[in-house]
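What follows is a set of notes on a single structure, which appears directly below.
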Amino acid sequence: MPNAPVYTDGATAYDGLSNREAVGHSVGEYVRGQAHTNGMESFWATLKRAHKGVFHRLSAKHLQRYVNEFAGRHNIRDLDTAEQMAHVAAAMVGRRLLYRDLVAGERGYAT
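Residue numbering for the sequence shown follows the numbering used here, beginning at 5 and increasing consecutively.
Next up, the structure:
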């Protein structure tokens, strides 16, 4: 959504974003109305835990796939387990990833 509100910390990397509202972590401000970074911090913490605990290595080739997977998990986190499973199963209909496409270009595999 091009005009969606963007809530960030005070990092200058976000200065050019439209509809930005920042909280000032450097001055002890962590929430102001709707503006906070708790959701994004939770998202990245979950991805980092998966990296250390499950995946161990995230290749640059597939990094976007990992991020997409965890964005999807994050977006359905409020559903119960059965609803999450139904959502994931429905999203898989008509999609597939062949092993040869998965490993193409990886070290030791032909492209």
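Ideal Cβ placement from N, Cα and C applies to all residues, glycine included.
His-29 sits in a helix when the DSSP states are folded into three classes. Excluding residues up to 5 positions away in sequence, Val-10 lie with their Cβ nearer than 7 Å to the Cβ of Leu-21 in the same chain. Per DSSP, Arg-81 has no beta bridge partner at all. By the beta-carbon neighbour count (other beta carbons within 10 angstroms, threshold 16), Val-27 is buried. Secondary structure note for Thr-16: it is in no beta strand (DSSP E), with a DSSP letter that is neither H nor E. In this structure, Thr-41 keeps its C-beta atom at 8 Å or more from the C-beta atom of His-78.
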